[in-house]
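Single-structure report; data block below.
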Amino acid sequence: MLTNAEEGMDKGNWQINSDQLKVKDHAFSIEQKVLHGGKQEGSKILTIHSKDGLTITLSPTRGMNLLRIEGFGSRMGWDSPVKEVVNPAFINLESRNGLGWLEGFNEMMVRCGYEWTGHPVTADGQIYTLHGKAGNTPASLVEVEVADSAPYEIRIRGLVKESTFKKADLQTLTELRYVPGSNSFSLHDVLTNHADYPHDYQIIYHSNFGTPILEEGARFLAPMSSISPFNDYAKSGLKTWQTYQGPTKDFDEMVFNIQPLADENHQTLAAVVNKAGDKGASIQFDTRQLPVLTLWKNTDTVKQGYVTGIEPGTSYAYPVTIERKQKTRETAAAGRQRAV
940 MLTNAEEGMD KGNWQINSDQ LKVKDHAFSI EQKVLHGGKQ EGSKILTIHS
990 KDGLTITLSP TRGMNLLRIE GFGSRMGWDS PVKEVVNPAF INLESRNGLG
1040 WLEGFNEMMV RCGYEWTGHP VTADGQIYTL HGKAGNTPAS LVEVEVADSA
1090 PYEIRIRGLV KESTFKKADL QTLTELRYVP GSNSFSLHDV LTNHADYPHD
1140 YQIIYHSNFG TPILEEGARF LAPMSSISPF NDYAKSGLKT WQTYQGPTKD
1190 FDEMVFNIQP LADENHQTLA AVVNKAGDKG ASIQFDTRQL PVLTLWKNTD
1240 TVKQGYVTGI EPGTSYAYPV TIERKQKTRE TAAAGRQRAV
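In structure tokens:
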């Protein structure tokens, strides 16, 4: 246990490795660091380093978001103008008319939700801020588990709470699983409605990729039954939606709504691959849990943020008011759990 808010406990800087655990098959280490300086003061990062596999870095301070993945001669992540792991204590999500979320956005994968997600809107006497609060909520509980037998799977769990008097009490137990030496990892999250009343929720797994995978001529791949532009601006990109430009000054983001196709087990894939087809990243998900897919293309200059997003979710990224009208928001009954 690294963090337990109920007990007021946090281990701060901490590490363990395969030698200490007497694991001989694959060399690995797990380390937590507390960062200092600037807006990252007090932020924590937790890193799994597998000598012959992946290096996975996540932040318990930022909703258990994945900061970056490196290994096998490549990386998954991107170069944001935001260079620090910004502590949510220094972010006002309501600033810039609900766009404060962007002041900390630099992760490879951000959980967007859970009361709401999508573009900001003012309604019901409040600002529904960009992509909700989950990605800027420190985990109340963090624990690391390493299996005591081969293949020595590592599991990192974090409990993210959205609990508000008279409003929601949504708590999500996030879990990352990784087998040392492998080239893939998985996420297994369980959202629980702890309230005595049903409550709507939304989740988008905002997964972001830049160079070296993203480049001029890179391609997006996914089986689908339909694709549509998110807005009028995206209509101009429909003919070339599957390929990417190089860094382009004054390029505004283009977003596309995708209805994915799945196999008989409800599994589907979405991927981005470089022009040569020798580097790429893919995401597998269950369409019963995450029925829709958003493609975000932001091929702006490198300094501004050259990045694409593959975003499976319970809904698209429209403001909550639109998603309500379209009846796409999921509902968790009182005391019920929803696995993702």
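Position 320 of the sequence shown, counting from 1, maps to 1259 under the working numbering, and the rest follow consecutively.
Where is the CB? At the ideal position from N, CA and C, for every residue including glycine.
Beta-carbon proximity of residue 1013 to residue 1151, cut-off 8 Å: As a first step, residue 1013 is located in the sequence shown; it is residue number 74 there, counting from the start. As a first step, residue 1151 is located in the sequence shown; it is residue number 212 there, counting from the start. Cβ distance < 8 Å, so residue 1013 and residue 1151 count as in contact.
Range of the contiguous beta strand (DSSP E) that encloses residue 961: The count along the sequence shown starts at 1 and reaches residue 961 at position 22. That residue, residue 961, is in no beta strand (DSSP E); it is neither H nor E in DSSP.
Segment contact flag, the segment 1141–1148 with the segment 1047–1055, C-beta cutoff 8 Å, min 3 pairs: The segment 1141–1148 makes contact with the segment 1047–1055, as at least three CB pairs between them are under 8 Å.
Any 3 or more C-beta pairs closer than 8 Å across the segment 957–967 and the segment 1090–1099: yes
Cut-off 6 Å between Cβ atoms - residues of its own chain near residue 1160, not counting five sequence neighbours on either side: The sequence position of residue 1160 within the sequence shown is 221, counting from 1. Closer than 6 Å at Cβ, skipping near neighbours: 1210.
Proximity to residue 1026 [Cα-Cα], best of 1043, 1050 and 1225: Here the question's residue 1026 lines up with position 87 in the sequence shown. Residue 1043 is the option with its Cα nearest to residue 1026.
CA nearest to the CA of residue 1239, picked from 1153, 1086, 1111 and 1005: Residue numbering aside, residue 1239 sits at position 300 when the sequence shown is read from its first letter. Looking at the Cα atoms, 1153 is the closest of the given residues.
Three-state secondary structure (DSSP) of residue 1001: Counted from its first residue, the sequence shown places residue 1001 at position 62. Helix.
Reference residue 1213; option with closest CA among 1077, 1247 and 1188: Locating residue 1213 in the sequence shown gives position 274, counting from the first residue. Residue 1213 has its Cα closest to that of 1247, out of 1077, 1247 and 1188.
Candidates 1031, 1020 and 983, of which the one nearest residue 1241 by Cα: On the sequence shown, residue 1241 is found 302 positions in, with the first residue counted as 1. When C-alpha distances from residue 1241 are compared across 1031, 1020 and 983, the shortest belongs to 1020.
Three-pair Cβ contact test at 8 Å for the segment 1030–1045 versus the segment 1080–1087: no
Same chain, Cβ closer than 6 Å to residue 1076, neighbours up to 5 away in sequence not counted: Here residue 1076 refers to the residue found at position 137 when the sequence shown is read from its first residue. Closer than 6 Å at the Cβ level, and outside the excluded window around residue 1076, lie 1002 and 1099.
Simplified DSSP assignment, three categories, for residue 1069: Taking the sequence shown and counting its residues from 1, one reaches residue 1069 at position 130. Reduced to three states, the DSSP call for residue 1069 is coil.
Contacting residues, own chain, Cβ-Cβ under 6 Å from residue 1276 (five flanking each side not counted): Here residue 1276 is taken as the residue at index 337 of the sequence shown, counted from 1. Excluding residues within five positions, the ones whose Cβ falls inside 6 Å are 1129 and 1131.
Unbroken stretches of the beta strand (DSSP E), 3 residues or longer, contained in the segment 1055–1127: Whole beta strand (DSSP E) segments, 3+ residues: 1060–1062, 1065–1067, 1080–1085, 1093–1102, 1108–1117 and 1124–1126.
Contact check, residue 1249 vs residue 1117, beta carbons under 8 Å: Along the sequence shown, read from residue 1 onward, the residue named residue 1249 stands at position 310. Along the sequence shown, read from residue 1 onward, the residue named residue 1117 stands at position 178. No; because the gap between Cβ atoms is not below 8 Å, this pair is not in contact.
Collapsed DSSP secondary structure at residue 1247 in the structure displayed: Residue numbering aside, residue 1247 sits at position 308 when the sequence shown is read from its first letter. Strand.
Rounded C-alpha distance that separates residue 1005 from residue 996: Looking up residue 1005 in the sequence shown gives position 66. Looking up residue 996 in the sequence shown gives position 57. Their backbone Cα atoms lie some 6 Å apart in a straight line.
Endpoints, alpha helix (DSSP H) assigned at residue 1172: Here residue 1172 refers to the residue found at position 233 of the sequence shown. First-last of the alpha helix (DSSP H) with residue 1172: 1171–1174.
Residue from 1066, 1101, 1064 and 1079 whose Cα sits closest to the Cα of residue 1072: Along the sequence shown, one-based indexing puts residue 1072 at 133. Comparing Cα-Cα distances from residue 1072 to each of 1066, 1101, 1064 and 1079, the minimum goes to 1101.
Separation of residue 1097 from residue 1079, as counted between CA atoms: For this step, residue 1079 is matched to residue 140 along the sequence shown. For this step, residue 1097 is matched to residue 158 along the sequence shown. Going from the Cα of residue 1079 to the Cα of residue 1097 covers about 7 Å.
Beta-carbon contacts of residue 991 that lie in its chain and below 7 Å, excluding the five residues immediately before and after: The residue given as residue 991 occupies position 52 in the sequence shown. For residue 991, where only same-chain residues beyond five positions count, the Cβ hits under 7 Å are 965 and 1120.
Residue 984 - partner residues in DSSP beta bridges: Indexing the sequence shown from 1 puts residue 984 at position 45. Secondary-structure assignment with DSSP links residue 984 through a beta bridge to 972.
Per-residue DSSP class, three states only, for residue 1007: Looking up residue 1007 in the sequence shown gives position 68. Note: residue 1007 maps to strand in three-state DSSP.
Distance between beta carbons of residue 1228 and residue 1278, contact taken as under 8 Å: Position 339 of the sequence shown, counting from 1, holds the residue named residue 1278. Position 289 of the sequence shown, counting from 1, holds the residue named residue 1228. Yes, they are in contact, since the Cβ atoms of residue 1278 and residue 1228 sit about 7 Å apart, within 8 Å.
Reference residue 971, options 1208, 998 and 1263, closest by Cα: The sequence position of residue 971 within the sequence shown is 32, counting from 1. Nearest of 1208, 998 and 1263 to residue 971, Cα basis: 998.
Test item: CB-CB of residue 1295 and residue 974 under 8 Å: No answer is possible for residue 1295: the residues shown for the chain start at 940 and end at 1279.
Reduced DSSP secondary structure (H/G/I, E/B, other) of residue 1154: As a working mapping, residue 1154 is identified with position 215 in the sequence shown. Coil, per DSSP.
DSSP-derived helix/strand/coil call for residue 979: Numbered from its first residue, the sequence shown carries residue 979 at position 40. Three-state result, residue 979: helix.
Own chain, CB closer than 7 Å to residue 1203, minus 5 neighbours either side, in chain order: Reading the sequence shown from its first residue, position 264 is the one you call residue 1203. Once the five neighbours on either side are set aside, residue 1203 has no close Cβ partner at all.
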